[in-house]
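Each residue of the sequence shown is one higher than the last, beginning at 9 in the numbering used here. Using N, Cα and C, we set each Cβ at its ideal position, and we do this for glycine too. Some notes on the structure that comes next.
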Amino acid sequence: MGALLALTSALTYGIVDFAGGLLSRRVPHAAVTLLGQIGGLLLAAGAALLLPADAVAGPDLLWGALSGVGSATAMRFLNRGLSNGAMSVVVPVSAVTGVALSVLCGVLLLGDRPGALAWAGIAVTGPALWWVSGGGTRLGREATDGLLAGVGVAVQYVALGQADPVSGLWPVAAGRVAAVLVLLPDAVRTPGLLRLPAGPTAQALLIGAGAALGLVLYLLAAQRQMLAVAVVLAFLYPALPVVLGLVVLHEHVSPRQTAGLLGAALATVLLTVG
């Protein structure tokens with residue numbers, strides 16, 4: 009059951025990333041990001057009510073709120089990158105960066121002791137990011153957005169992991185509230201935000217709900233499955249938008265970027281298993 013939940017989380021995240029990237033190319037990415045977090049808040053609050061918590065303490069909600077700040081950062085730069093660049097660059101860079109930083113935070117701040125495989129994954133991350141970004145003299149804007157989104161992903165997962173499991177899904181809901189508050193000032197300055205057509209508005213809300221569902225599914229999987237296995241399965245999500253970007257959008261990927269994508273996949277597995 010845990011493996012199925014983790015795989016479903018990966019599938020959900022993959023679809024959300026692809027759909028969010030396409031929508032961000034048609035409407036302002038700030039509007040997509042804000043409405044997505046509102047949709048995520050509605051789903052997370054509903055899920056928290058359906059799955060009552062044993063006890064919810066203030067620190068658990070604060071950790072959840074910090075996780076939401078990370079989510080807002082991740083989605084803001086991910087959607088900005090996807091609105092301007094190739095999914096096959098932005099998504100893998102953000103995923104590998106997020107996993108790598110999560111491991112480093114665990115070592116430096118939480119006292120984790122990764123094994124040899126995890127350290128090997130960290131060593132693979134640098135070349136993978138370089139190749140995915142094209143191997144030029146500097147990172148392009150798309151890869152930079154992916155790096156910044158990866159920082160947000162790391163904050164999201166590290167902070168959420170500090171909440172007590174007895175708090176149920178309320179830290180996830182608290183995170184969506186914090187994300188909305190963080191994104192609101194930038195979104196209200198977006199021209200046409202309040203005049204966004206009903207269709208794109210509904211799509212953005214559904215995309216955000218899907219992202220929150222993916223996070224909920226991952227948490228449920230981690231409670232039922234060995235953590236390393238759950239993380240590996242859930243972090244397979246970058247494969248779907250990359251494949252869809254290549255097949256559906258006919259994006260061009262150079263041999264060096266192909267090597268980077270393979271390195272990113274290898275690094276993700278090594279980091280999570282190790």
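Three-state secondary structure (DSSP) of residue i
i      : result
Asp68  : helix
Asp25  : helix
Leu278 : helix
Gln170 : coil
Ser262 : coil
Leu177 : coil
Gly144 : Because the pLDDT at Gly144 is just 49, under 50, the model does not fix this residue reliably, and the point stays unresolved.
Gly114 : helix
Pro60  : coil
Inter-residue spacing [alpha-carbon to alpha-carbon] between residue i and residue j
i      : j      : result
Gly218 : Val24  : 6 Å
Thr105 : Ile130 : 10 Å
Leu50  : Arg264 : 42 Å
Leu109 : Ser102 : 11 Å
Glu150 : Gly28  : 15 Å
Leu270 : Ala136 : 8 Å
Leu30  : Ala210 : 14 Å
Arg121 : Ala38  : 38 Å
Val64  : Ala53  : 14 Å
Ala220 : Ala124 : 33 Å
Gly183 : Ala171 : 11 Å
Thr276 : Pro60  : 33 Å
Ala212 : Val256 : 21 Å
Thr81  : Ala162 : 10 Å
Proximal residues to residue i (C-beta, below 7 Å), its chain only, five neighbours per side dropped
i      : result
Ala167 : Trp71, Leu74, Ser75 and Gly78
Leu214 : Gly47
Close-in-space but distant-in-sequence residues of the same chain around residue i (CB under 8 Å, 5 per side omitted)
i     : result
Ala56 : Gly176, Leu177, Trp178, Val180 and Ala181
Beta-carbon contacts of residue i that lie in its chain and below 6 Å, excluding the five residues immediately before and after
i      : result
Thr41  : Met83, Arg84, Asn87 and Leu191
Leu156 : Phe85
Gly216 : Gly44, Gln45, Gly47 and Gly48
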